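Protein chains in written order, with our numbering: chain A, 478 to 727; chain B, 478 to 727; chain C, 478 to 727. We put the CB at the ideal spot given by N, CA and C, even for glycine. None of these values were measured; they are calculated from a predicted model. Notes for the one structure printed next.
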Amino acid sequence: MEYISRTDHDGIARVVIRRGKVNAFNDNLIDEMSRTFGELAIDPSVRAITLTGTGKFFSFGFDIPQFLGYSKEQFTRYLTNFTRLYREIFIHPKPVVAMLNGHTIAGACMIATSCDYRVMVSGKARISLNEINFGSSVFAGAVEMLKLLVGHRNAEAVLYSGAMYTAEEAHRMGLVDQVVSEADLESVVDHIARDYAAREPDAFRSIKGLLRRAVAERIEKTERDSIEEFVKIWYSEKTWARLQGKTIHG
Amino acid sequence: MEYISRTDHDGIARVVIRRGKVNAFNDNLIDEMSRTFGELAIDPSVRAITLTGTGKFFSFGFDIPQFLGYSKEQFTRYLTNFTRLYREIFIHPKPVVAMLNGHTIAGACMIATSCDYRVMVSGKARISLNEINFGSSVFAGAVEMLKLLVGHRNAEAVLYSGAMYTAEEAHRMGLVDQVVSEADLESVVDHIARDYAAREPDAFRSIKGLLRRAVAERIEKTERDSIEEFVKIWYSEKTWARLQGKTIHG
Amino acid sequence: MEYISRTDHDGIARVVIRRGKVNAFNDNLIDEMSRTFGELAIDPSVRAITLTGTGKFFSFGFDIPQFLGYSKEQFTRYLTNFTRLYREIFIHPKPVVAMLNGHTIAGACMIATSCDYRVMVSGKARISLNEINFGSSVFAGAVEMLKLLVGHRNAEAVLYSGAMYTAEEAHRMGLVDQVVSEADLESVVDHIARDYAAREPDAFRSIKGLLRRAVAERIEKTERDSIEEFVKIWYSEKTWARLQGKTIHG
Numbered sequence: 478m479e480y481i482s483r484t485d486h487d488g489i490a491r492v493v494i495r496r497g498k499v500n501a502f503n504d505n506l507i508d509e510m511s512r513t514f515g516e517l518a519i520d521p522s523v524r525a526i527t528l529t530g531t532g533k534f535f536s537f538g539f540d541i542p543q544f545l546g547y548s549k550e551q552f553t554r555y556l557t558n559f560t561r562l563y564r565e566i567f568i569h570p571k572p573v574v575a576m577l578n579g580h581t582i583a584g585a586c587m588i589a590t591s592c593d594y595r596v597m598v599s600g601k602a603r604i605s606l607n608e609i610n611f612g613s614s615v616f617a618g619a620v621e622m623l624k625l626l627v628g629h630r631n632a633e634a635v636l637y638s639g640a641m642y643t644a645e646e647a648h649r650m651g652l653v654d655q656v657v658s659e660a661d662l663e664s665v666v667d668h669i670a671r672d673y674a675a676r677e678p679d680a681f682r683s684i685k686g687l688l689r690r691a692v693a694e695r696i697e698k699t700e701r702d703s704i705e706e707f708v709k710i711w712y713s714e715k716t717w718a719r720l721q722g723k724t725i726h727g
Numbered sequence: 478m479e480y481i482s483r484t485d486h487d488g489i490a491r492v493v494i495r496r497g498k499v500n501a502f503n504d505n506l507i508d509e510m511s512r513t514f515g516e517l518a519i520d521p522s523v524r525a526i527t528l529t530g531t532g533k534f535f536s537f538g539f540d541i542p543q544f545l546g547y548s549k550e551q552f553t554r555y556l557t558n559f560t561r562l563y564r565e566i567f568i569h570p571k572p573v574v575a576m577l578n579g580h581t582i583a584g585a586c587m588i589a590t591s592c593d594y595r596v597m598v599s600g601k602a603r604i605s606l607n608e609i610n611f612g613s614s615v616f617a618g619a620v621e622m623l624k625l626l627v628g629h630r631n632a633e634a635v636l637y638s639g640a641m642y643t644a645e646e647a648h649r650m651g652l653v654d655q656v657v658s659e660a661d662l663e664s665v666v667d668h669i670a671r672d673y674a675a676r677e678p679d680a681f682r683s684i685k686g687l688l689r690r691a692v693a694e695r696i697e698k699t700e701r702d703s704i705e706e707f708v709k710i711w712y713s714e715k716t717w718a719r720l721q722g723k724t725i726h727g
Numbered sequence: 478m479e480y481i482s483r484t485d486h487d488g489i490a491r492v493v494i495r496r497g498k499v500n501a502f503n504d505n506l507i508d509e510m511s512r513t514f515g516e517l518a519i520d521p522s523v524r525a526i527t528l529t530g531t532g533k534f535f536s537f538g539f540d541i542p543q544f545l546g547y548s549k550e551q552f553t554r555y556l557t558n559f560t561r562l563y564r565e566i567f568i569h570p571k572p573v574v575a576m577l578n579g580h581t582i583a584g585a586c587m588i589a590t591s592c593d594y595r596v597m598v599s600g601k602a603r604i605s606l607n608e609i610n611f612g613s614s615v616f617a618g619a620v621e622m623l624k625l626l627v628g629h630r631n632a633e634a635v636l637y638s639g640a641m642y643t644a645e646e647a648h649r650m651g652l653v654d655q656v657v658s659e660a661d662l663e664s665v666v667d668h669i670a671r672d673y674a675a676r677e678p679d680a681f682r683s684i685k686g687l688l689r690r691a692v693a694e695r696i697e698k699t700e701r702d703s704i705e706e707f708v709k710i711w712y713s714e715k716t717w718a719r720l721q722g723k724t725i726h727g
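Written out as structure tokens, the structure reads:
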């Protein structure tokens, strides 16, 4: 593993994303995360998982500069793998707690919404689904998972505005479940993970399935079409120009 | 156009309902609205739409006196066209902001819930789905759109009580998104419409589709049956007597 | 009827569960409730129903000691009848008001969520879906009905924690609709039932169908599988040991 580290203690596995300054998702990172969550699913010693980033970022989302060199086919394959990853986490048999240590942007916010619980650090960090700001769409699964957390109306506000929310603002609408100071982040998340780990695994997995399986099946039916539409808009003249500007300026 | 006026400025089309004192929906008004929204959908100069009424009413809803002379077949055709209209607005490719300038009752409330955003004037105006008060049912689509805004439990309260809500009460449960004074209504709505108009049209249309298309498809499956049941109850002895009383006394 | 009493006044039928100290659900009680609600559905003199328990309990839920002597087939049959009962109440043509006079635990909470309105007594009574605490799962319908009341995120918190909520806590998240003192419970519930009874029955039934029928159909598709999974976990070594401990110690 190049970009993912895993450390276990007391039945809790901590998964840390470590890729450059902003932990942007490229093909390899997604592949490593997918393999890691696959191993965690069948490891009988693991009863709960925490997922976090490094530095000032949980993750900035997609590694856009890299994709500007991709063909449509390559990019479609990347998006197929990315959306499969968040669906894998969404219906993962073990509880997954997101420890949002910093900025959680776009694709990273989708990963966060796929977890069972989100604790976000207070302060300068922002959380956002800002795709519309550079003329991009999102995916069927991202919309459905967001709606589960904040409801339909707030989901419209989040997606149409592309706003960058503070942890407190995100908490008020349900996009994150708890806000804590940087100093307390580790211990609070550890406490929550221990609580989940104390549940009988079969009962947890079964109840999670009842809560999420039907949603996951609904997503699966429309995800592929939404990726196709996403790609079409992504490579449109205007959006492409904005993405290149984004690469140069930030 | 006899009952609808449209004026465009800066990529924003304002659609105004002008039919008598209460802007009640009859066949012609529905037809004109449907044609207008159809034209707006394909007009490349339009990036956002505002929809409002005149005087003290956004609209009172159905033109009940007129329907007392209708056959069941005529009334069924009217309802089919009416429900198609709110579904057209619900999945319209352009953002639609409802400017609720006054009372927004029954069918008019359904039209309001189909829009992307609702700004309501404070004061004496009321918003209501009061069908139950004269022994009438509603439609599948009306229920689904209401649930998106206020959730299942509030939807039950709204529909079972038939209560007339102030703008503030409606805002608290999510039935309207913003409440402003009469003096500020125009400028606030204009500001919101400009915000929507600034979005990249393809991205907006795509995200709106992800948020609403599945709901619209679910509605389409049950709308026709709900119209049939609505008509059956409407022409039942008790409800018919109440509707005639309504015509005579108010 | 051994465990159910019914008294009617002014078009309102009061159904009271009377079975020992805790009103636990066994086969006979479920059968009697099912027959009672079936009769109420077609009794033209009844316009509203109230459902309550006796003493300190609305109901403790399943009669676990009795089930420890059941074969898997017997227990599966019991659960099939129990889940059918809450679905019958969920889509009952008449309004059903739950008067939660005391503790409302596990299966009893599922029955409460199937009603149209819940009034809970303040004080020591608790409401809970605590299945996870003894290593048990729940059912597809129970999850869907809970989500309608409290939303997806709160439903996760309720089910994963197995927490015992006070009436006030339950009210804050929407699990109950109103909290009143023991002294006022009867009169408040009577007032609410009279309000429902004043609605035109056909309109009420039709609107309730639009709000709930699609949910009921979705439940029906997955309920049987969820019962099978529930039974499998119930008879697993660990859960079985906990259930027996529960029987001996409390």
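Could you work out which residues of chain A lie near residue 715 of chain C, taking near to mean beta carbons separated by less than 9 Å?
Contact annotation for residue 715 of chain C against chain A: 677 and 679 [CB-CB distance below 9 Å, chain order].
Using the Cβ count rule (16 or more neighbours within 10 Å means buried), how would you classify residue 546 of chain A?
So residue 546 of chain A counts as exposed.
Using a Cβ-Cβ distance cut-off of 7 Å, determine whether residue 722 of chain A contacts chain B.
Not a single CB atom of chain B sits nearer than 7 Å to the CB of residue 722 of chain A.
Starting from residue 529 of chain A and walking both ways along the beta strand (DSSP E), at which residues does that stretch end?
For residue 529 of chain A, the enclosing beta strand (DSSP E) stretches over residues 525-529.
Compare the C-beta of residue 488 of chain B against all C-beta atoms of chain A and say whether one is closer than 7 Å.
Proximity of residue 488 of chain B to chain A, defined by a Cβ-Cβ separation below 7 Å, is not satisfied.
Does the distance from the CB of residue 526 of chain B to the CB of residue 674 of chain B come in under 7 Å?
No.
Could you check whether the Cβ of residue 600 of chain B sits closer than 7 Å to any Cβ belonging to chain C?
No, residue 600 of chain B lies away from the interface with chain C (no Cβ there is under 7 Å from its Cβ).
Tell me the rounded alpha-carbon separation between residue 727 of chain B and residue 589 of chain C.
Interpretation of residue 727 of chain B is limited by its pLDDT of 34, a score under 50 that renders its predicted location unreliable; no figure is taken from the coordinates.
Sequence-distant residues of its chain with Cβ nearer than 8 Å to residue 485 of chain B (five each side left out)
Excluding its 5 nearest sequence neighbours in each direction, residue 485 of chain B has C-beta neighbours in its own chain below 8 Å: 491, 522 and 523, listed in chain order.
Is the Cβ of residue 613 of chain B closer than 7 Å to any Cβ of chain C?
Yes, its Cβ sits closer than 7 Å to a Cβ of chain C.
Contact check, residue 536 of chain A vs residue 585 of chain A under 8 Å by CB: the rounded distance?
Correct: roughly 4 Å between the Cβ atoms.
Closer than 7 Å at the beta carbon, the chain A residues around residue 703 of chain C
Result: 687.
Output yes if chain A places a C-beta closer than 7 Å to the C-beta of residue 562 of chain B; else output no.
Not an interface residue.
Test item: CB-CB of residue 599 of chain B and residue 656 of chain B under 7 Å
Less than 7 Å divides the Cβ of residue 599 of chain B from the Cβ of residue 656 of chain B.
Closest Cβ-Cβ distance between residue 522 of chain A and chain C: below 7 Å?
False, the Cβ-Cβ gap to chain C never drops below 7 Å.
So what does DSSP say about residue 632 of chain A, is it helix, strand or coil?
Looking at residue 632 of chain A - three-state DSSP - the assignment turns out to be helix.
Output yes or no for whether 7 Å exceeds the beta carbon distance between residue 612 of chain C and residue 533 of chain C.
Result no, Cβ atoms of residue 612 of chain C and residue 533 of chain C do not sit closer than 7 Å.
Contact list for residue 617 of chain A against chain B, beta-carbon separation under 7 Å
Neighbours of residue 617 of chain A in chain B, taken as residues whose beta carbon is under 7 Å from its own, are 687 in chain order.
Kindly say whether residue 706 of chain C, judged by its beta-carbon, lies nearer than 7 Å to any beta-carbon of chain A.
Output row for residue 706 of chain C: interface = yes.
Can you confirm whether residue 630 of chain C, when its beta carbon is compared against all beta carbons of chain A, has any partner nearer than 7 Å?
Yes - at least one Cβ of chain A is within 7 Å of the one on residue 630 of chain C.
With a 10 Å radius around its C-beta and 16 neighbouring C-beta atoms as the bar for buried, classify residue 660 of chain C as buried or exposed.
Exposed.
Three or more beta-carbon pairs under 8 Å between the region 636-650 of chain B and the region 680-697 of chain C, yes or no?
Result yes; three or more Cβ-Cβ pairs closer than 8 Å.
If you reduce the DSSP assignment to three classes, tell me which class residue 519 of chain A lands in.
Three-state DSSP puts residue 519 of chain A in a helix.
Does the Cβ of residue 722 of chain C have 16 or more other Cβ atoms within 10 Å, making it buried, or fewer, making it exposed?
That one is exposed.
Chain B residues whose Cβ lies nearer than 7 Å to that of residue 555 of chain A
Residues of chain B with a Cβ closer than 7 Å to the Cβ of residue 555 of chain A do not exist, since the nearest Cβ in that chain sits about 19 Å away.
Is there a C-beta anywhere in chain C that falls below 7 Å from the one on residue 625 of chain A?
Against chain C, the CB of residue 625 of chain A has a partner CB under 7 Å away; the residue lies at that interface.
Could you have a look at residue 699 of chain C and say whether DSSP puts it in helix, strand or coil?
Three-state result, residue 699 of chain C: helix.
What is the DSSP secondary structure of residue 687 of chain A, reduced to helix, strand or coil?
Residue 687 of chain A: helix per DSSP, three-state reduction.
Could you pull out every unbroken alpha helix (DSSP H) segment of at least 4 residues lying fully inside the region 579-652 of chain C, listed in chain order?
Those alpha helix (DSSP H) runs which fall completely within the region 579-652 of chain C and span 4+ residues are 584-591, 617-638 and 644-650.
Using a Cβ-Cβ cutoff of less than 8 Å, which residues in the same chain neighbour residue 603 of chain A once the five nearest sequence positions on both sides are dropped?
Once the five neighbours on either side are set aside, the close Cβ partners of residue 603 of chain A are 580, 581, 582, 641, 642 and 643.
Against chain C, which members of the region 588-599 of chain A pass a CB distance test of less than 9 Å?
Residues passing the 9 Å Cβ filter: 593 and 594.
Among B:559, B:528 and B:500, which has the Cα closest to the Cα of residue 704 of chain B?
Comparing Cα positions, the closest option is B:559.
Between the CA atoms of residue 658 of chain A and residue 502 of chain A - distance to the nearest angstrom
Distance between the alpha carbons of residue 502 of chain A and residue 658 of chain A is about 26 Å.
Going by alpha carbons, who is nearest to residue 689 of chain B out of A:651, A:664, A:698 and A:629?
Checked all of A:651, A:664, A:698 and A:629; the closest Cα to residue 689 of chain B is A:629.
Just verifying my parser: in three-state terms, what is the DSSP assignment at residue 577 of chain A?
DSSP places residue 577 of chain A in strand when its eight states are reduced to three.
Less than 7 Å between the C-beta atoms of residue 596 of chain C and residue 670 of chain C, yes or no?
Against a cut-off of 7 Å, the Cβ pair of residue 670 of chain C and residue 596 of chain C comes out as no contact.
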